[in-house]
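Chains as they are written, first to last, in our numbering: chain A, 59 to 252; chain B, 59 to 252. A quick write-up on the structure given underneath.
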DNA sequence: GTTAGCATGTAAGGAGTTACATGATTTT
DNA sequence: AAAATCATGTAACTCCTTACATGCTAAC
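Written as structure tokens, this is what we have:
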């Protein structure tokens, strides 16, 4: 559960919270949700599910259902699993700003407190800003750089700047939701700390 | 050397082609070049250098230089290493469209033939287009999606679309360079196949 | 002097992908 | 009937990160 394993566990628990699922379906949803880059393999998912089963976070529902359904093991989240999810989502560590972990947490923002959301968004923003500053300062220390390298860096920098703007907008929106009046009344967050 | 290790090897050879470097400096440059996401650790770099040393791709220049310089092991590329680099850069496999590998290859495009560049760029573009189509078609199969999930997907889709446009522009530019007249005469590629 | 950064490594541990293995069910 | 896809798993392999260990040198 060293932050990497935690990301998968968090994602699985989050999905199972909505509805019980079997491994195959779970993998598809996971890949859809944050599998843009890497495709999660069964060799990764199934062992993880077994670990979580042993840990009592999920239980297996061997549902033949009578309708001559194909053999499949449906996983359902347990109260312990729910508690675990709640705990993990609140525990904002440095890994929460990392690409993978950030996306996972973001996907479950609806079940996250506003203050935690803000901590995650702002943490992510600082992280990206750091990267940007570092690269910007280290640009062309020795003579004229290669045109392709420079084009690659330009595009990368722009991508990061774009994400920074996105984050800033989100942070602003969160702050507005915290204040008394909200312009768009759709999906109000229940109630908030002062 | 299973495509991941190859990426590091390719990058190291590419950097050493320009000038001999010691491990510490090499790491800094590698992190700057494509370490936006992951930061390469010494525990990864040094063993890789030793492997390449044993393979005869690089040699160690233990240069005390007389000026009371600090102990450092400078790595220099060998003819075998140059050959290896040339071979790897030409060998465009599916891994070349992957994020990491793509960036590495792109960084050394100046030393890559135009036709190979086009294969890499077009391969990358197809790959991204596939992802995009897949995600677009799988959107909201079951009722109204979560607003944060949907916002995350929207942003991801836009990011991919942006990179697709970038790639298309680059491909266009490569084709123009292939044709007789070139608008911007700076950095002409030496000479090209028909 | 002492801290910060330069410089090179090793060992342990974890996580994930690939490839292998198997079999049912649905579609063509 | 054959092919595709559903469905679950295991084992080997690779690779990387973290933490540990050491020592020099420049700056403060």
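For every residue, glycine included, the Cβ atom is placed at its ideal position computed from N, Cα and C.
Distance, residue j Cα to residue i Cα
i, j, result
"residue 85 of chain B", "residue 129 of chain B", "17 Å"
"residue 147 of chain B", "residue 221 of chain A", "31 Å"
"residue 144 of chain A", "residue 170 of chain A", "8 Å"
"residue 168 of chain B", "residue 189 of chain A", "26 Å"
"residue 214 of chain A", "residue 77 of chain B", "25 Å"
"residue 180 of chain A", "residue 236 of chain A", "15 Å"
"residue 135 of chain B", "residue 225 of chain B", "31 Å"
"residue 110 of chain B", "residue 64 of chain A", "35 Å"
"residue 79 of chain A", "residue 132 of chain A", "5 Å"
"residue 117 of chain A", "residue 83 of chain A", "16 Å"
"residue 72 of chain A", "residue 185 of chain B", "29 Å"
"residue 137 of chain B", "residue 176 of chain B", "27 Å"
"residue 228 of chain B", "residue 149 of chain B", "20 Å"
"residue 139 of chain B", "residue 95 of chain B", "27 Å"
"residue 75 of chain B", "residue 87 of chain A", "44 Å"
"residue 6 of chain A", "residue 162 of chain A", "Shown here, chain A extends from 59 to 252; a query on residue 6 of chain A therefore has no answer."
"residue 178 of chain B", "residue 112 of chain A", "45 Å"
"residue 91 of chain A", "residue 173 of chain A", "24 Å"
Residue-level contact to chain A via CB, residue i, 7 Å cutoff
i, result
"residue 206 of chain B", "yes"
"residue 64 of chain B", "no"
"residue 245 of chain B", "Low per-residue confidence applies at residue 245 of chain B: pLDDT is 48, beneath 50, and the placement is therefore not dependable, though the value from the model is reported in the following sentence. Chain A contact via Cβ: present."
"residue 168 of chain B", "yes"
"residue 73 of chain B", "no"
"residue 210 of chain B", "yes"
"residue 90 of chain B", "yes"
Coarse secondary structure for residue i, derived from DSSP in three states
i, result
"residue 228 of chain A", "helix"
"residue 29 of chain A", "The structure shown has nothing for residue 29 of chain A, since chain A only spans 59 to 252."
"residue 205 of chain B", "helix"
"residue 77 of chain B", "coil"
"residue 179 of chain B", "helix"
"residue 139 of chain B", "helix"
"residue 113 of chain B", "coil"
"residue 98 of chain B", "coil"
Contact with chain B by residue i, beta-carbon distance below 7 Å
i, result
"residue 224 of chain A", "yes"
"residue 250 of chain A", "Low confidence applies to residue 250 of chain A: its pLDDT is 43, below 50, so where it sits in the model is not reliable, and the reading given next is rough at best. Not an interface residue."
"residue 196 of chain A", "yes"
"residue 164 of chain A", "yes"
"residue 233 of chain A", "no"
"residue 214 of chain A", "yes"
"residue 68 of chain A", "no"
"residue 107 of chain A", "no"
"residue 94 of chain A", "yes"
Cβ neighbour criterion (16 or more within 10 Å) applied to residue i
i, result
"residue 159 of chain B", "buried"
"residue 165 of chain B", "buried"
"residue 234 of chain B", "exposed"
"residue 100 of chain B", "exposed"
"residue 97 of chain A", "exposed"
"residue 206 of chain A", "buried"
"residue 182 of chain A", "buried"
"residue 120 of chain B", "exposed"
"residue 216 of chain B", "exposed"
"residue 194 of chain A", "exposed"
Identity of the residues DSSP links to residue i by a beta bridge
i, result
"residue 119 of chain A", "A:132"
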